[in-house]
Each structure stands twice: as structure tokens, then as C-alpha cells.
Amino acid sequence: MRPFSLHSWAIWWEEIQTKESTLKIKMYEPKNTFVDDVLPLALPKDFLEATYYHYRDFPKPYWKRYLVAKRFVDCRQAKTPKLFKSGMNTKFFVMENSSDYRMDFYNGCSVHEG
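Encoded structure:
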């Protein structure tokens, strides 16, 4: 299993950021713990405020949280359209994970793949 791509998500009082291309995980405690739907949590200004892990060296106590968040992100990417094309008889959606797609016909028929 590989890490997944996500900008960031808040788990309890820790913030975790991952990048699929580098296999690195960054963890830090945000200064403001108030979570606002509009404003993201502030990033640490100092490089030393964050702890960096390689994907294989991620601490065991955080694995369960990581896997729950991964399932959430995978589900969200499968349901969120990235590309939308509308024709005379159909609407075609390609989802964010690029392997799922959906075609909705105006006569009520629907085709799902993924």
C-alpha cells in the first residue's frame, strides 16, 4: 500500500500532510486549534516545528488514523468529478481518482464504472 495524495487533514491536535510522489509524511501541531471551514490551519513557520517521516517509518500509533483518513480520501475522490462533459443525450463525469467514471443519460439510464 502506498501513501495517498492529499493537501492536508486534521486529526485530533496533529496535522498530517502526505505527498505520494516523495513518500514523505509531515506531522506538526498547529498553533491555532480552532478549525474553521473557510480558513485552513496555519502551517509551521519554522522547519524544526514539524516532524518528518518516511512512509515505511511512520509510527504505529498513527497507522489506524492514517488508514481511516486514506479510506475517506479514496471514497471522496471516487465521488468527486474532475472532468465533466455534457452532450445532447448524456452527461459524462470522470472522477478525481481517474479510474472511475459515470455516464448519465437524460432518459434515466446511468452507467457507472469503478
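If you're matching positions, the sequence shown starts at 887 in our numbering and goes up one per residue. A virtual CB, placed ideally from N, CA and C, is assigned to each residue, including glycine. As the structure is a computational prediction, the values presented were derived from the model and not from experiment.
| Asked | Found |
| --- | --- |
| Buried or exposed: Y938, going by 16 or more other Cβ atoms within 10 Å of its Cβ? | exposed |
| Using 8 Å as the Cβ pair cut-off and three pairs as the minimum, do the stretch 977-984 and the stretch 953-969 touch? | yes |
| Closer than 6 Å by C-beta to V997: which residues in its own chain qualify, once you throw out the five before and the five after it? Chain order, please. | M989 |
| Under the three-state reduction of DSSP, which class applies to L953: helix, strand or coil? | helix |
| Less than 8 Å between C-beta atoms, sequence neighbours within five positions excluded: which residues of the same chain meet that for T976? | M989, D990, F991 and Y992 |
| Got a sec? Which residues, its chain only, sit under 6 Å from R962 by beta carbon, not counting five neighbours each side? | none |
| To which residues does DSSP link R942 through a beta bridge? | Its beta-bridge partners do not exist; DSSP assigns none. |
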